[in-house]
Amino acid sequence: FIISGGIYINGAWAGLPHVNTIFLAIGAILASFLGTTGASMILIRPLLRINRQRHNKTHIVIFFIFIVSNCGGLLTPLGDPPLYLGFLRGVPFVWTLRLLPEWFLTNGLLLALFYALDAWLFRRREAPQRAVLAQANPKAPGGLHIRGWSNFLFLLGVMGSILTAGYVINPWLMRLYGEHAAEIWSKVFQIVCMGLLAGASYRWTAAATRQANTFSFAPILEVAALFFGIFGAMIPALELLAGKSQVLSLHEPWHFFWMTGLMSSFLDNAPTYLVYATLAASQNQISTLHLGELAQLFPDLLAAISCAAVFFGANTYIGNGPNFMVKSIAEHEQVKMPSFGGYMLWSGAILIPIFILQTWLFFR
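For the sequence shown, my numbering assigns the number 306 to the initial residue and increments by one for each residue that follows.
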């Protein structure tokens with residue numbers, strides 16, 4: 306959040322339907338490599354800027370949450386925390402690339418739906434202002450202007466700390482002290498590294514750049530307060546789920562897809578992923594400490610769990626961390642966002658049919 310807030314992007318773009326769709330497509334790709342949070346924080350502000358003159362903006366932010374803040378982050382363990390936990394438990398780093406068909410179908414359908422809706426709304430309300438929109442953003446030299454380039458190095462540092470923890474720190478500590486201690490100290494290593502990188506970014510990024518981005522700590526503080534309560538409430542729920550998981554009649558990939566997805570919509574998707582991946586492994590006499598065997602022997606089960614943990618986080622504002630941050634940033638920019646229930650009406654109407662199609666095509 307802090308590092309991405311120091312990157313200011315501007316250019317000679319207008320908030321036209323095809324431009325917005327390209328923005329979301331780029332975000333879908335970046336989400337798998339910068340993480341859903343990183344990609345969301347880099348792109349949401351320039352997307353809001355180029356659409357400042359638009360009357361209808363709510364749907365743009367909602368689809369941004371669907372695509373960039375959630376569904377785009379499926380292709381690597383850098384994209385979303387559940388996949389990273391799987392990586393720490395032995396799932397090969399490149400294994401998630403086998404989920405490209407699921408990623409392409411979901412994001413492709415969402416982009417097509419977004420373009421159709423945005424184009425319809427544009428023709429209905431914005432067409433007379435096309436010239437105004439085209440001139441709303443002054444042309445930047447070369448068509449693209451970026452301030453805060455050093456923050457891309459800090460983002461690479463974040464990626465490097467994640468990979469170092471997974472490839473070096475965690476295996477080394479696991480051999481010495483066991484899985485539990487290795488997992489804790491790997492997280493400590495990441496927290497320290499990311500804290501130092503965030504502090505360096507905040508210290509060395511020009512104040513004018515953050516001001517141009519209308520950067521403030523209000524969104525992250527709101528999310529911190531919200532998730533503090535969620536984490537406290539979810540611990541007993543996840544413990545109950547883990548304790549009763551053996552009596553659940555889950556055997557087919559679609560069983561795991563919908564149960565993992567249901568829990569990931571309202572609880573933290575990372576521990577939910579581990580609960581159901583552990584259940585799938587134990588049901589098939591596989592070590593729960595090395596999910597790489599599950600990926601090798603029962604890839605359809607792990608694929609269903611992985612897709613659900615990533616995709617279903619888009620169902621609610623609390624399903625994934627970036628969701629509420631994007632909502633908060635949009636509201637600070639005077640975009641009217643739906644209530645919690647109103648957002649679920651959007652996700653229920655758009656995402657659930659796509660997930661049903663996913664089930665029929667991939668997880669039957």
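For glycine and all other residues, C-beta sits at the position ideal for the given N, C-alpha and C.
Check: Using beta-carbon positions only, say whether residue 274 and residue 506 come within less than 7 Å of one another.; Outcome: What is shown of the chain runs 306 to 669, which leaves residue 274 out entirely.
Check: Give me the residue from 407, 350, 413, 311 with the minimum Cα distance to residue 640.; Outcome: 350
Check: Whole angstroms is fine: what's the gap from residue 630's alpha carbon to residue 616's?; Outcome: 18 Å
Check: Determine the extent of the alpha helix (DSSP H) in which residue 672 is found, giving its start and end residues.; Outcome: No answer is possible for residue 672: it lies beyond the span of the chain, which begins at 306 and ends at 669.
Check: Could you give the distance in angstroms between the alpha-carbon of residue 313 and the alpha-carbon of residue 628?; Outcome: 21 Å
Check: When burial is assigned at 16 or more other CB atoms within 10 Å of the CB, is residue 322 buried or exposed?; Outcome: buried
Check: Taking residue 485 as part of the alpha helix (DSSP H), name the residues at either end of that continuous run.; Outcome: 484-509
Check: Could you check what DSSP says for residue 451 in three-state terms: helix, strand or coil?; Outcome: strand
Check: Please name the residue in 485, 602, 614, 600 whose C-alpha comes closest to that of residue 575.; Outcome: 614
Check: Using the Cα positions of residue 335 and residue 377, report the straight-line distance between them to the nearest angstrom.; Outcome: 8 Å
Check: Straight-line CA distance for residue 651 to residue 571?; Outcome: 16 Å
Check: Our contact map puts residue 413 next to residue 383 with C-beta atoms below 8 Å; I'd like the distance itself, whole angstroms only.; Outcome: The pair is not a contact, with the Cβ atoms about 21 Å apart (cut-off 8 Å).
Check: Should residue 408 and residue 380 be called a contact, given that it needs their Cβ atoms to be closer than 7 Å?; Outcome: yes
Check: Just to check my reading of the structure: residue 606 and residue 558 have Cβ atoms closer than 8 Å, yes? What is that Cβ distance to the nearest angstrom?; Outcome: 6 Å
Check: Please report the straight-line C-alpha distance between residue 456 and residue 331, rounded to a whole angstrom.; Outcome: 19 Å
Check: For residue 361, tell me which candidate among 343, 426, 355 has the shortest Cα-Cα distance.; Outcome: 426
Check: Please classify residue 482 as buried or exposed, where buried requires at least 16 neighbouring CB atoms within 10 angstroms.; Outcome: exposed
Check: Would you call the stretch 470-487 and the stretch 523-530 in contact, with 3 or more CB pairs under 8 Å?; Outcome: no
Check: With contact counted as at least three CB pairs below 8 Å, one residue from each stretch, are the stretch 593-600 and the stretch 654-664 in contact?; Outcome: no
Check: Indicate whether residue 453 and residue 519 have their beta-carbon atoms separated by less than 7 Å.; Outcome: no
Check: Which residue marks the beginning of the beta strand (DSSP E) containing residue 314, and which one marks its end?; Outcome: 313-316
Check: List the endpoints of the continuous alpha helix (DSSP H) containing residue 350.; Outcome: 322-355
Check: Counting only runs that start and end within the stretch 350-397, where is the alpha helix (DSSP H) found for 4 or more residues in a row?; Outcome: 363-372, 386-393
Check: With 16 other CB atoms within 10 Å as the buried threshold, where does residue 590 fall?; Outcome: exposed
Check: Rounded to whole angstroms, what is the Cα-Cα separation between residue 324 and residue 619?; Outcome: 23 Å
Check: Put residue 631 into one of helix, strand or coil per three-state DSSP.; Outcome: helix
Check: Between residue 515 and the rest of its own chain, which residues show a CB-CB distance below 7 Å, the 5 nearest in sequence each way excluded?; Outcome: 310, 311
Check: Just the Cα atoms here: how many angstroms apart are residue 503 and residue 459?; Outcome: 8 Å
Check: Is residue 471 near residue 595, with beta carbons less than 7 Å apart?; Outcome: no
Check: Is the distance from the Cβ of residue 342 to the Cβ of residue 647 below 7 Å?; Outcome: no
Check: When DSSP labels each residue in this structure, what does residue 445 get in the three-state scheme?; Outcome: Since pLDDT at residue 445 reaches only 46, below the 50 mark, its modelled position is unreliable, and no value is offered.
Check: Less than 7 Å separating the beta-carbons of residue 581 and residue 562?; Outcome: no
Check: Output needed for residue 498: all residues of its chain with C-beta closer than 6 Å, excluding positions within five of it in sequence on either side, in chain order.; Outcome: 466
Check: Residues in its own chain within less than 8 Å of residue 608 by CB, not counting five upstream and five downstream?; Outcome: 403, 404, 407, 558, 667, 668
Check: Are residue 577 and residue 564 close, meaning C-beta to C-beta below 7 Å?; Outcome: no
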